[in-house]
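Counting in my numbering, the sequence shown runs from 689 upward without gaps. Notes follow the structure.
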Amino acid sequence: MTTTLRQPVYAGPVDHVAYGHYGPGRLHLSPDWNRPLYPFQGRVTADGSSGFRAEPGRYHLYVAWVCPYAHRAAIVRKLKGLEDVVSLSYVDDERDGRGWAFRERRGPDPVNGFTLLEQAYDATEKGYGGHISVPVLWDRHTGGIVSNNFPDITLDLATQFERWADTSVDLYPDALRPEINTLNGWIYHDVNTGVTRVARAATEDERETERHRVVAALERLDERLAEHRFLTGATITEADVRLWVTLARFDAEHNRGHLVSERELRDFEHLWPYARDLYQRPAFRETTEGLPAAWDQPHGRGA
Ligand SMILES: N[C@@H](CCC(=O)N[C@@H](CS)C(=O)NCC(=O)O)C(=O)O
């Protein structure tokens with residue numbers, strides 16, 4: 689018997705001369721920092737009432753190591769033990785004008801054999817000309833994108849696959865939803881996108897304002913963690929995942945040269961052990977690259 693192995697296919701190397709930079713015409717950053725439109729907003733539901741039923745083997749996540757928004761989906765998938773239920777693959781870390789692409793460094797597209805993520809968008813909406821963003825939740829049944837709206841993707845992974853998931857981990861408990869939603873709202877504004885606003889500030893005044901907003905938020909979170917092990921109490925929730933991906937990039941990326949804060953993450957009494965505590969868990973550790981050895985130290989609080 690002969691087996692034909694499908695050869696992996698890849699996009700050519702990143703080439704800014706031939707393809708330009710990703711952005712113009714694609715990446716619309718509104719001045720008031722409202723989110724750009726993420727047009728695919730299907731929801732997966734346990735009962736299938738949304739048209740996308742939670743089923744093992746049906747969905748695939750396209751993510752990027754470098755993207756914190758995609759990182760959340762990768763963490764939640766592992767926290768819920770869904771590795772055999774929802775497949776996942778990585779696009780390359782770099783982009784030219786063609787957007788996210790599959791290259792040798794991170795491997796091929798195992799589902800469709802696409803070389804560019806744009807093909808997934810185009811298969812869903814012919815001639816699609818908008819953002820080619822990750823994360824993308826792909827549906828093998830319909831041959832299209834369910835969602836590229838990151839908050840919905842993580843919530844659906846956290847709540848709709850319970851038949852196959854580790855149900856001892858409840859990332860979005862009914863009783864805590866209002867509190868988690870409130871936390872997610874200001875953490876998204878003041879921390880997750882706050883660090884980006886500092887980096888992109890047009891004037892020194894604006895940078896100072898944005899910088900102080902991030903530092904105040906980190907201080908508020910630090911205080912909160914003096915009382916609770918996790919943001920909403922004794923167990924990890926969606927809010928912790930939302931915050932952690934920014935903390936993991938804070939010293940090395942966002943706060944390089946103390947652009948945001950005079951204090952590094954390790955100078956925050958409660959945030960630092962909290963961040964390290966989460967990193968000791970496989971769902972965080974195995975989806976994260978490049979953290980220095982200091983992150984390996986046990987957090988030193990009662991287990
Ligand atoms: N910033 C988005 C999350 C997704 C996102 O920004 N992904 C980035 C990589 S970290 C991306 O793919 N950007 C390309 C684009 O949006 O055109 C949001 O507010 O929901």
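The beta carbon of each residue, even a glycine, is placed where N, CA and C say it ideally should be.
What I want to know is whether the C-beta of residue i ends up closer than 7 Å to one or more non-hydrogen atoms of ligand 1.
i, result
"A905", "no"
Rounding to the nearest angstrom, what Cα-Cα distance links residue i and residue j in this structure?
i, j, result
"G745", "T733", "15 Å"
"I763", "L935", "14 Å"
"K814", "H946", "45 Å"
"E806", "P839", "21 Å"
"R885", "R694", "44 Å"
"V1024", "A963", "Past the boundaries of the shown model lies residue 1024; the chain is included only from 689 to 991, so the question cannot be answered."
"E950", "E911", "18 Å"
"L749", "L770", "11 Å"
"E782", "R723", "22 Å"
"R741", "D735", "6 Å"
"E867", "T920", "8 Å"
"G711", "Y726", "15 Å"
"R989", "V779", "In this prediction, R989 has a pLDDT of 49, which is less than 50 and means its spatial position is unreliable; nothing more can be read from the coordinates."
For residue i, does the three-state DSSP call read helix, strand or coil?
i, result
"A699", "coil"
"Y876", "helix"
"F740", "strand"
"V834", "strand"
"H704", "helix"
"H748", "strand"
"Q994", "Here the chain covers residues 689 to 991 and nothing more, so residue 994 does not appear."
Are the beta-carbon atoms belonging to residue i and residue j less than 8 Å from one another?
i, j, result
"L959", "L966", "no"
"A971", "L767", "yes"
"W788", "A761", "no"
"H716", "D784", "no"
"P861", "I841", "no"
"D827", "Y747", "yes"
"V902", "V948", "yes"
"T925", "L979", "no"
"V697", "P796", "yes"
"V773", "F849", "yes"
"V883", "H942", "yes"
Item to complete: Using the beta-carbon of each residue, find all residues closer than 5 Å to any heavy atom of ligand 1 and list them in chain order.
Response: L715, R723, C755, Y757, H819, S821, V822 and F838
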